[in-house]
Amino acid sequence: MRQSQLFTKTRREAPKDEVAKNAQLLIRAGFIHKEMAGVYSLLPLGLRVLERISAVIRDEMNKIGGQEILMTTLQQKELWEQTDRWSDSVVDSWFKTKLKDGGEVGLGFTHEEPLTSIMRSHISSYHDLPKLVYQIQWKFRNEERAKSGIVRGREFLMKDLYTFTASEEEHTKLYETVASAYQRIFERLGIGEQTYRTFASGGVFSKYSHEFQCLSDVGEDTVYVHKEKRIAINKEVMNAEVLADLGLSKNELTEAKAVEVGNIFSLGTRFSKALGLRFKGKDGKQEDVIMGSYGIGPTRLMGVLAEVFSDGKGLAWPSAVAPFAAHLVAISGGNGDVTAEADRLYEMLSENGIETLYDDRDVRAGEKFADSDLIGIPKRLVISEKTMSEGGVEVVSRAAGSTMFVSENDLIGHLEQ
Ligand code: ATP
Ligand code: MG
Numbered sequence: 001m002r003q004s005q006l007f008t009k010t011r012r013e014a015p016k017d018e019v020a021k022n023a024q025l026l027i028r029a030g031f032i033h034k035e036m037a038g039v040y041s042l043l044p045l046g047l048r049v050l051e052r053i054s055a056v057i058r059d060e061m062n063k064i065g066g067q068e069i070l071m072t073t074l075q076q077k078e079l080w081e082q083t084d085r086w087s088d089s090v091v092d093s094w095f096k097t098k099l100k101d102g103g104e105v106g107l108g109f110t111h112e113e114p115l116t117s118i119m120r121s122h123i124s125s126y127h128d129l130p131k132l133v134y135q136i137q138w139k140f141r142n143e144e145r146a147k148s149g150i151v152r153g154r155e156f157l158m159k160d161l162y163t164f165t166a167s168e169e170e171h172t173k174l175y176e177t178v179a180s181a182y183q184r185i186f187e188r189l190g191i192g193e194q195t196y197r198t199f200a201s202g203g204v205f206s207k208y209s210h211e212f213q214c215l216s217d218v219g220e221d222t223v224y225v226h227k228e229k230r231i232a233i234n235k236e237v238m239n240a241e242v243l244a245d246l247g248l249s250k251n252e253l254t255e256a257k258a259v260e261v262g263n264i265f266s267l268g269t270r271f272s273k274a275l276g277l278r279f280k281g282k283d284g285k286q287e288d289v290i291m292g293s294y295g296i297g298p299t300r301l302m303g304v305l306a307e308v309f310s311d312g313k314g315l316a317w318p319s320a321v322a323p324f325a326a327h328l329v330a331i332s333g334g335n336g337d338v339t340a341e342a343d344r345l346y347e348m349l350s351e352n353g354i355e356t357l358y359d360d361r362d363v364r365a366g367e368k369f370a371d372s373d374l375i376g377i378p379k380r381l382v383i384s385e386k387t388m389s390e391g392g393v394e395v396v397s398r399a400a401g402s403t404m405f406v407s408e409n410d411l412i413g414h415l416e417q
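In terms of this note's numbering, the sequence shown opens at residue 1 and continues consecutively.
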């Protein structure tokens, strides 16, 4: 993409109404636009990052047998009344609205109820189990505080997977399969190191559910981390009992701020019982289906990545999610030969499948470099009279800050590795 054609502009100043680093940087760099507190639109660069995050998640979900669907945002009151999750006194984050005839509908904040209802038409015997079904869809939650940028949106993207199994053993096996897939997702996104499987409240078969908590100052959660054992305990459940369960003592743990990037949860038969999702077992008897639910927030992850991979100059995306692989910056100083050479290089990069943002704008070198630092594409390729005379480009690694000269012949190979 030619930067002269990109409609978004960078800005020097951080927006005054944003306190979170992720929102400040993403707005300054032109990745997102703030509509109101906790509500953001995605602009071209931001959408590219979000789609790449979603692609990693989708890939790992498909690998473990997940089948993708897309459910509706509008939710019918009658269904949610059956599980006692319609009332605002039970669920305080609903956004609700009215139909023309006066009937009430809600905007989905999660999707256990509608999916359980769908599965009633498709599960009837043990032959139909297990099943893994997921979607990547917008969720709506009337969050009380929305000060963390896209880390806590009132409208946000969630990947929600649900498992349907015949027995507790089958469920537990799948639960661990999903947990491993989650760990792989965080590793591929570059935050495997600082993301901990965390003991939290609310398990059905065990005493705990598990969160995946990424250590970061933007987090609103407090966790106690055991670095060597790669586990953490959420402050919510931190007490003598959990320490004994895990064979840990408090002085081995470090307190840290963290943000929940994923959550895995055994639901047992809570939803299948309430909504009548049953199957005929091997012995011919009717049984309730055992369920699990597993969430990951792609928009939240984008915010966390912006927090983790950034410095005083701007964003520094890991290559797995960067909006482009290369940022070609032409410093022509009015020399048409340099422009022609940069155009030719841009064509060559595109033909070789290297996704490139080409800064072909007629602005000062300093401005181009500052924008390039702010946008944070992993490799910056600088072409100037000097590099042209040497038959190549200067390659600057955004994260490491290192610079090296690469000849044109070696360039594609260098970028592909
Ligand atoms: P939190 O405690 O941070 O509010 P939660 O427990 O409400 O999170 P879940 O209901 O388990 O979160 O949602 C599953 C996933 O969706 C979370 O792990 C997170 O990645 C994402 N998520 C939840 N709430 C938000 C939000 N307001 N904005 C962006 N992502 C969110
Ligand atoms: Mg919440």
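Here a beta-carbon is modelled for each residue, glycine too, at the ideal position from N, C-alpha and C.
Practice task
May I ask which residues mark the beginning and end of the alpha helix (DSSP H) holding Leu70?
Solution key: Unbroken run through Leu70: none, as it is neither H nor E.
Practice task
Could you say if the stretch 172-185 and the stretch 304-320 meet the contact criterion of at least three C-beta pairs nearer than 8 Å?
Solution key: no
Exercise for the section: Starting from the Cα of Gln213, find the closest Cα among Glu220, Ser206, Ser201, Arg197 and give me that residue. Expected result: Arg197
Problem - Residue(s) in a DSSP beta bridge with Leu132 - result: Thr163
Practice task
Taking Lys173 as part of the alpha helix (DSSP H), name the residues at either end of that continuous run.
Solution key: 168-188
Practice task
Please confirm whether any heavy atom of ligand 1 lies closer than 6 Å to the CB of Arg12.
Solution key: no
Handout entry: Buried or exposed by the 16-neighbour rule on C-beta atoms within 10 Å, applied to His171
Key = buried
Problem - From Arg48, Leu374, Thr269, residue whose alpha carbon lies closest to that of Phe205 - result: Thr269
Exercise for the section: Would you list the residues sitting across from Tyr126 in a DSSP beta bridge? Expected result: Bridge partners of Tyr126: none, in fact.
Handout entry: Per-residue DSSP class, three states only, for Glu144
Key = coil
Exercise for the section: Determine contact between the stretch 123-134 and the stretch 262-280, defined as no fewer than three beta-carbon pairs at a distance below 8 Å. Expected result: yes
Problem - CB of Thr177 within 7 Å of CB of Leu129, strictly - result: Contact flag unset, no.
Practice task
State the Cα-Cα distance for the pair Ser41 and Gly30, rounded to the nearest angstrom.
Solution key: If you draw a straight line from the Cα of Ser41 to the Cα of Gly30, it comes to about 11 Å.
Handout entry: 4 or more residues per run - each alpha helix (DSSP H) lying fully within the stretch 267-300
Key = 270-275
Exercise for the section: Would you list the residues sitting across from His327 in a DSSP beta bridge? Expected result: Leu357, Arg380
Problem - Heavy atom of ligand 1 within 6 Å of Gly65 beta-carbon - result: Result no, Cβ not under 6 Å from ligand 1.
Problem - Identity of the residue in Asp245, Leu174, Ala181 nearest Tyr208 by Cα - result: Measuring from the Cα of Tyr208, the nearest candidate turns out to be Asp245.
Handout entry: Proximal residues to Glu252 (C-beta, below 7 Å), its chain only, five neighbours per side dropped
Key = His226
Practice task
Using three-state DSSP, classify Ser117 as helix, strand or coil.
Solution key: helix
Problem - Rounded distance between the beta-carbons of Glu351 and Ile383, thought under 8 Å - result: Not confirmed; about 17 Å, so no contact.
Exercise for the section: Could you name the residues of the same chain whose beta carbon sits closer than 7 Å to that of Lys250, not counting the 5 residues immediately before and after it, in chain order? Expected result: Leu243
Exercise for the section: Identify, in the order they occur along the chain, each residue of the same chain with its Cβ nearer than 7 Å to the Cβ of Ala20, setting aside the five sequence neighbours on each side. Expected result: Lys147, Ser148, Gly149, Val151, Val218
Exercise for the section: Can you give me the Cβ contacts of Ala14 inside the same chain, cut-off strictly under 7 Å, excluding the 5 residues immediately before and after it? Expected result: Gln24, Arg28
Handout entry: Ala258 - partner residues in DSSP beta bridges
Key = Paired residue(s): Leu215, Asp221.
Exercise for the section: Please work out which residues of its chain come closer than 7 Å, Cβ to Cβ, to Leu248, disregarding the five sequence neighbours upstream and downstream, and give them in chain order. Expected result: His226
Handout entry: Under the three-state DSSP convention, the category His111 falls into
Key = coil
Problem - Alpha carbon of Leu349 to alpha carbon of Val49, nearest angstrom - result: 20 Å
Handout entry: Stretch-stretch touch, CB-based, cutoff 8 Å, three pairs: the stretch 288-300 with the stretch 319-335
Key = Counting C-beta pairs closer than 8 Å gives fewer than three between the stretch 288-300 and the stretch 319-335, which falls short of the contact rule.
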